Amino acid sequence: MPFRTLPMVTALALTTSIAASCSDSPSGPSLGEADLRILFIGNSLTSTNDLPGLVGTIAEAAGLSLETAVAASPNYGLGDHWATGAPRLIRDLAPDIVVLQQGPSTLASSRNYLREWTDSLARVTREVGAAPALLMVWPPDDPQYSFGAVLASYRAAALDVNGAFIPAGVSWLETWKEDAQLHLWGPDGFHPSRLGSIVAAMTIVATLTEASIASLPLEMRSRQSGRPDVELSPATHAAVVAAVERAVASHAIR
Numbered sequence: 005m006p007f008r009t010l011p012m013v014t015a016l017a018l019t020t021s022i023a024a025s026c027s028d029s030p031s032g033p034s035l036g037e038a039d040l041r042i043l044f045i046g047n048s049l050t051s052t053n054d055l056p057g058l059v060g061t062i063a064e065a066a067g068l069s070l071e072t073a074v075a076a077s078p079n080y081g082l083g084d085h086w087a088t089g090a091p092r093l094i095r096d097l098a099p100d101i102v103v104l105q106q107g108p109s110t111l112a113s114s115r116n117y118l119r120e121w122t123d124s125l126a127r128v129t130r131e132v133g134a135a136p137a138l139l140m141v142w143p144p145d146d147p148q149y150s151f152g153a154v155l156a157s158y159r160a161a162a163l164d165v166n167g168a169f170i171p172a173g174v175s176w177l178e179t180w181k182e183d184a185q186l187h188l189w190g191p192d193g194f195h196p197s198r199l200g201s202i203v204a205a206m207t208i209v210a211t212l213t214e215a216s217i218a219s220l221p222l223e224m225r226s227r228q229s230g231r232p233d234v235e236l237s238p239a240t241h242a243a244v245v246a247a248v249e250r251a252v253a254s255h256a257i258r
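Quick note: the working numbering has the sequence shown finishing at residue 258, numbered continuously throughout.
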């Protein structure tokens, strides 16, 4: 099987408003007939550069049948998604995996908030036979924040619900070990650059599937309309693959 068996049990990109409106379709919402169907619930760290679309392109290049949908609004935490229809969306789409993401959540209060609403959304996720997964992000490019605090918050939330843990932030750190000159933050020092999103997308694919990211081509172009292309130089490809493999081997929970 190309997909991993997650606890309790992979691109179509939708905005929050479109995802919610699909419930009004006479035939109901759908994630298609792919072997693995993922719903992303997050904010602009997920929507920037179309992270779900990148996951779809990379998975397709690896020969996988995967579809994604996303509900992502700027500055949203998981509690905001709960209040604006995420439970209904999960039940309507009935995905295989629900990937949860909010901000870095480095403070005690935001860590507690992440864990509380992860628990609530995971309960709905389990109702439809799906598995929850926590997408560790990254802190701002500011010395008062740390990757370690982000890691602790997201890993705790994943362990609380016996969910998968996707160590994208750790992959960023490992990428800089390969090449410190690679730019993973975007111009604002918080949202990801395109390469930063590609690193996160490769981490998602490597965590949730059994695909070999080392065998991915330098250029990946999807046959599905709307999915973004991925193009890497040989040196960057080698650096990212090595970094993601180390991060997933040492930190992922699957």
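Beta carbons: idealized from backbone N, C-alpha and C, even for Gly.
Treat the numbers as computed from the prediction; the structure is a model and nothing was measured.
Please go through the same chain and pick out, in chain order, the residues whose beta-carbon is closer than 8 Å to the beta-carbon of residue i, but skip the five residues on each side of it.
{"i": "L125", "result": "I45, L82, H85, W86, A90, P91, I94, V102, L104, P136"}
{"i": "A216", "result": "For the record, residue 216 in the displayed sequence is Ser; it is not Ala. So the list reads A66, once near-sequence residues are dropped."}
{"i": "D146", "result": "G193"}
{"i": "A156", "result": "R115"}
Under DSSP, the alpha helix (DSSP H) around residue i begins and ends at which residues?
{"i": "F44", "result": "Premise fails: F44 lies in the beta strand (DSSP E), 40-46, not in any alpha helix (DSSP H)."}
Since residue i is in the beta strand (DSSP E), which residue starts that stretch and which ends it?
{"i": "E131", "result": "First-last for E131: 112-131, but that is the alpha helix (DSSP H), not the beta strand (DSSP E)."}
{"i": "V103", "result": "101-104"}
{"i": "A65", "result": "Segment 55-65 is the alpha helix (DSSP H) holding A65; no beta strand (DSSP E) there."}
{"i": "L138", "result": "135-139"}
Could you tell me which of the options sits nearest to residue i, measuring between CA atoms?
{"i": "E71", "options": "L177, P99, L139, A162", "result": "P99"}
{"i": "E178", "options": "V248, L40, L220, E64", "result": "V248"}
{"i": "D192", "options": "D39, S48, E37, R41", "result": "S48"}
{"i": "N166", "options": "G190, D54, R258, S229", "result": "R258"}
{"i": "W176", "options": "D54, V245, L40", "result": "V245"}
{"i": "M140", "options": "A253, S150, Y158, G133", "result": "Y158"}
{"i": "A256", "options": "R231, T207, W121", "result": "T207"}
{"i": "R260", "options": "A112, S226, V174", "result": "Lying outside 5 to 258, the shown extent of the chain, residue 260 is not represented and no answer is given."}
Evaluate residue i with the Cβ neighbour count: other Cβ atoms within 10 Å of its Cβ, from every protein chain shown; 16 or more gives buried, anything less gives exposed.
{"i": "P238", "result": "exposed"}
{"i": "R119", "result": "buried"}
{"i": "E235", "result": "exposed"}
{"i": "G107", "result": "buried"}
{"i": "R115", "result": "buried"}
{"i": "H187", "result": "exposed"}
{"i": "A243", "result": "buried"}
{"i": "A184", "result": "exposed"}
{"i": "P78", "result": "exposed"}
{"i": "E64", "result": "buried"}
Apart from the five residues just before and just after residue i, which ones in its own chain have a Cβ nearer than 6 Å to its Cβ?
{"i": "L43", "result": "A73, L97, P99, V102"}
Closer than 7 Å by C-beta to residue i: which residues in its own chain qualify, once you throw out the five before and the five after it? Chain order, please.
{"i": "G32", "result": "Confidence at G32 is low in this model, with a pLDDT of 46, below 50, so its placement is unreliable and the value that follows should be read with caution. So the list reads D96, once near-sequence residues are dropped."}
Return no unless some Cβ of chain C is closer than 8 Å to the Cβ of residue i.
{"i": "L199", "result": "The displayed structure is made up of one protein chain only, and chain C is not part of it."}
Does the count of Cβ pairs from the stretch 158-175 and the stretch 201-219 closer than 8 Å reach three?
yes
Decide yes or no for the touch test of the stretch 50-59 against the stretch 200-207: beta carbon pairs closer than 8 Å, at least 3 of them.
yes
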